[in-house]
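First the structure, in the form of structure tokens, and then the observations on it.
Numbering (UniProt numbering), first residue to last: 1 to 160.
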């Protein structure tokens with residue numbers, strides 16, 4: 001198969017991404033967490049970031065961030081505290097209970113990703129991860145402007 005024409009890169013990436021997201025969603029549900037919630041908590045750990053900064057970093061819209069934070073606060077995993085530098089902003093602080101759930105989620109994540117990558121030969125595993133990393137940090141790092149862009153997905157950081 002060549003690098004153009006016969007290869008449907010978008011479909012390959014979509015199918016693998018969807019399958020991985022589905023498996024992570026099922027595994028995180030075992031501990032009462034979602035991939036998005038893990039992503040928010042992981043991003044907030046000792047970072048001193050506002051809700052808006054985290055939302056921008058992990059590519060979720062502000063409404064989704066508010067809903068996610070509401071759930072995390074209700075569960076006792078995180079708190080919103082006033083920013084020391086901007087009284088309109090709220091900094092996300094992970095609670096001790098939140099740290100414990102992130103540690104459990106990280107263990108499940110390592111298990112799933114280890115199994116997925118472990119299904120490939122060593123040289124293909126490294127090539128896949130390196131190639132995708134270069135694309136995300138380079139050519140595909142900044143989305144093209146589009147009148148009706150596809151909906152953002154919430155796993156930018158959760159899978160990394």
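Ideal Cβ placement from N, Cα and C applies to all residues, glycine included. Predicted model, so just to flag it, every value in this text is computed and none were measured.
Q) Three or more C-beta pairs closer than 8 Å, one from the stretch 128-138 and one from the stretch 103-115: is that the case here? A) no
(Q) Suppose you measure from the CA of residue 28 to the CA of residue 100; what does that come to, to the nearest Å? (A) 13 Å
Q: Would you mind working out which of 74, 37, 75 sits nearest residue 64, comparing C-alpha positions?
A: 37
Q.
Going by DSSP, what residue range makes up the alpha helix (DSSP H) through residue 147?
A. Where residue 147 is concerned, there is no enclosing alpha helix (DSSP H), given that its DSSP letter is neither H nor E.
Q: For the stretch 31-51 and the stretch 117-124, state whether three or more C-beta atom pairs, one from each stretch, are separated by less than 8 Å.
A: no
Q: Mind reading off the beta-carbon distance from residue 71 to residue 62? Whole number of angstroms is fine, and I expect it under 8 Å.
A: Not really, about 15 Å apart at Cβ, beyond 8 Å.
Q) For residue 50, which beta-bridge partners are listed by DSSP? A) Paired residues: 91.
Q.
Taking the alpha-carbon of residue 73 as reference, which of 114, 51, 126 has the nearest alpha-carbon?
A. 51
Q.
If you follow the alpha helix (DSSP H) that residue 37 is in, where does it begin and where does it stop?
A. 35-44
Q | Neighbourhood of residue 112 by C-beta distance below 7 Å, restricted to the same chain and skipping five residues each side | A | Only 23, 24, 27 meet the Cβ criterion.
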